[in-house]
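Undergrad: Below is one structure. I have some questions about it.
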Amino acid sequence: MEIGIVGLPNVGKSALFKALTGMTVEVSNYPFTTTHPIRGSAIVPDNRLDIISRFVPTKKIVHANVDLVDIPAIVPGSSQGEGMGNAFLEHIRQVDAMAHVVRCFESEDVSHTHDTLDPVRDAQEVETELLLADLEVIESAVSKAERRARIGKDAEALKRIEVGQKAAAVLESERPLRFEDWTAEERKELRALGMITLRPVLYVANISEDDIAQATADPESVAHVKSLRDWVRDREGEHAGLVPVSASLEAELAEISNPAEHDEMLEAMGLTEPALAVLARSLYALIGVSSFYTAGPKEVRAWTIPNGSLAPDAAGVIHSDIQRGFIRCETYSVTDLEQYGSEQAIKTAGHMRVEGKNYVIQDGDVCHFLFNV
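Heads up: the sequence shown begins at 356 in our numbering, then just goes up one per residue.
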């Protein structure tokens, strides 16, 4: 899973990327500090791994990872060559989803593109550039398909024209393509064209350290977060993704190597977990993926799979041989392990399930796959 971090200049994109990945990147008070995409990987915090390892003795705990890409800043006119121009476009087209960082903090030390703080205006500007970028690609693709169709009867060209014209109408109405209900075939066609606005978006409201505890407890109580959330809900519905984060605080937390001191600082700021844990859950829900676990003396590990995956498909994430030779899956939930204290006690209580090839893996399942090759 690869997430592109996008936003205007000086909104905290690179600070957030640095905090989440632990990589050393330049963070400065001037536009376009990021001049090319920077890739990194972030460990996904998961307290269920800690729970499993308490009851299943193991040598190693392996977290899931999420790949992040810090995309060069977008400014009004980017789709037409302003700022870094179209440098960002091809990189966004390759990601699975976007984390759109929107500035929701006041600061005299960090300049703003417009010199005033207006999260809704800023979010709209970025979205407009993405809409225009998609529209340009669609119009070009339709034009080429029309030329092919005139030369001779070309079913693929006719299909592209049909889907392209429908997509162009959506974009011209200033609506992202993700708002539309597309058939599987239409979605495949749009993905082939690399449509940016088809991708899910998680809005990240970057706020000050002083506001983070209040915003986490009640986002509606922080004015700039509330205005952004209201706009997002109006656009994307009640379940739209928005997470308040303080990138500066996360950067400070990332530099604390001592777990006890790290937890003390979290508690002092009124937080119960780091931002990546919240971001990861929100992104998982947005993209439609979930976690299952394997547990044994060598390692306890988290694995990421699409929602609705069958047991053999989950086995294939571990190794293709396990999928090919799949016989059955013995599984239980992390909640069962907490309740009964051991796998043997789970079996004795009758809660160890034996599932076949048609079993749909549930979020939080701990699985033992039996196979033969």
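No residue lacks a Cβ here, since even glycine has one placed at the ideal position from N, Cα and C.
Which ranges does the alpha helix (DSSP H) cover as unbroken runs of at least 4 residues, wholly within the region 539 to 611, from first to last along the chain?
TA: Runs of the alpha helix (DSSP H) inside the region 539 to 611: 539 to 547, 567 to 572, 578 to 591, 602 to 609.
Undergrad: Using the rule of at least 16 other Cβ atoms within 10 Å of the residue's Cβ for burial, across every protein chain shown, is D470 buried or exposed?
TA: With fewer than 16 other Cβ atoms within 10 Å, it is exposed.
Undergrad: Evaluate the contact criterion for the region 577 to 595 versus the region 608 to 623: three or more CB pairs, one atom per stretch, below 8 Å.
TA: Touching, no, given that fewer than three Cβ pairs across the two stretches are closer than 8 Å.
Undergrad: In chain order, what residues of the same chain lie with their CB nearer than 8 Å to the CB of E461, ignoring the 5 residues before and after it?
TA: Result list for E461: L472, S563, in chain order.
Undergrad: Looking at the structure shown, is Y648 part of a helix, part of a strand, or coil, going by DSSP?
TA: In the structure shown, Y648 sits in a strand (DSSP, three-state: E or B).
Undergrad: Am I right that V457 and P474 are in contact with their C-beta atoms under 8 Å? What's the rounded C-beta distance?
TA: So it is a contact: roughly 5 Å between Cβ atoms.
Undergrad: What three-state label does DSSP hand G395 in the structure shown?
TA: Of the three classes helix, strand and coil, the one that applies to G395 here is strand, per DSSP.
Undergrad: Quick check on this structure: which residue in I677, F681, G680, A700 has the alpha carbon closest to the alpha carbon of S688?
TA: Closest by alpha carbon: A700.
Undergrad: Buried or exposed for T538, please, with buried defined as at least 16 other CB atoms from any protein chain shown within 10 angstroms of its CB.
TA: The residue in question, T538, is exposed, as its Cβ has fewer than 16 Cβ neighbours within 10 Å.
Undergrad: Does the beta-carbon of F534 have 16 or more other beta-carbons within 10 angstroms, so that it is buried, or is it exposed?
TA: F534 comes out exposed.
Undergrad: Where do the ends of the alpha helix (DSSP H) carrying D691 lie?
TA: Start and end: 689 to 695.
Undergrad: Under 8 Å by Cβ, that's how I've got A512 and A500 pegged, so tell me the actual separation to the nearest angstrom.
TA: Confirmed, about 4 Å.
Undergrad: Can you list, in chain order, the residues of its chain with a C-beta nearer than 6 Å to that of G671? Leave out the 5 residues immediately preceding and following it.
TA: These residues qualify, in order along the chain: Q678.
Undergrad: Taking just the CA atoms, how far does K702 sit from V366?
TA: Roughly 52 Å between the two C-alpha positions.
Undergrad: Could you check which residue in K414, K373, L404 has the C-alpha nearest to that of D422?
TA: Among K414, K373, L404, the Cα nearest to that of D422 is on K373.
Undergrad: According to the neighbour-count rule (16 or more other Cβ atoms, all chains shown, within 10 Å of its Cβ), is S383 buried or exposed?
TA: Since pLDDT at S383 reaches only 48, below the 50 mark, its modelled position is unreliable, and the value read off the structure follows with that caveat. Label assigned to S383: exposed.
Undergrad: In whole angstroms, what separates the C-alpha of F681 from that of A560?
TA: Computed Cα separation, rounded: 44 Å.
Undergrad: Three-state secondary structure (DSSP) at R502?
TA: Helix.
Undergrad: Tell me the rounded alpha-carbon separation between V411 and E654.
TA: When rounded, the distance between both Cα atoms is 9 Å.
Undergrad: Cutting at 7 Å between CB atoms, please list the residues of its own chain near G377, excluding the five before and the five after it.
TA: Here the set comprises A609.
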